[in-house]
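What follows is a set of notes on a single structure, which appears directly below.
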Amino acid sequence: MNTFFKDFKLFIPLPDYPSFQAIWRSLILRNKGVITDALDFQTLAWITKSAGYTPGAVDAVCKKVLTQRRLQRLPIKPLSHNEFLPHLAKIDPIFKEDYEQFMAWNLKNNPQGKQEPKEKKPKAEKAKGGKKKK
């Protein structure tokens, strides 16, 4: 392995709420799960977003839940979001302080992540009440 990649770290910000919904849906389907109305993607996405879980954690949870035996039982008992939560609780999320530190570093070192400064508009002179002088 190249020595450059040993110390190389790539920071990718966490996905937003709608992205987590799509991630849950695609990873469950990728692991041969069946999506029904009993599976609440909104709850799963909200928990993963608010707690600071990564898409890698979601992938690991899907692989743990969707075992061969569980896939055989899908016609009898459909998937529920409650099956994923105990496995998700065993995985450490990204802590808020660490994430904020990475975001600050990203804003400082990534020119694409920086916001452009707003142009200052000249203040318009306030018109005083009363009649105009001739």
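Position 108 (the sequence shown) corresponds to 112 in this note's numbering; numbering is contiguous. For glycine and all other residues, C-beta sits at the position ideal for the given N, C-alpha and C.
Could you spell out where the alpha helix (DSSP H) holding residue i opens and where it closes?
{"i": "Phe103", "result": "First, the amino acid is wrong: residue 103 is Tyr here, not Phe. Looking at the DSSP string, the run of the alpha helix (DSSP H) that includes Tyr103 is 100 to 113."}
{"i": "Leu31", "result": "21 to 34"}
Do residue i and residue j have their C-beta atoms closer together than 8 Å?
{"i": "Leu83", "j": "Leu43", "result": "yes"}
{"i": "Phe24", "j": "Thr47", "result": "no"}
{"i": "Cys66", "j": "Leu31", "result": "yes"}
{"i": "Ile16", "j": "Arg29", "result": "no"}
{"i": "Ala49", "j": "Ile95", "result": "no"}
{"i": "Pro97", "j": "Gly56", "result": "yes"}
{"i": "Leu92", "j": "Lys36", "result": "no"}
{"i": "Val69", "j": "Ile27", "result": "no"}
Below 7 Å, is the gap between the Cβ of residue i and the nearest heavy atom of the ligand COA?
{"i": "Ala42", "result": "The ligand COA is not part of this structure, which contains no ligands at all."}
Discussion item. Give the list of continuous alpha helix (DSSP H) stretches no shorter than 4 residues that lie fully inside the stretch 48 to 104.
Written reply: Correct list: 59 to 69, 72 to 76, 89 to 93.
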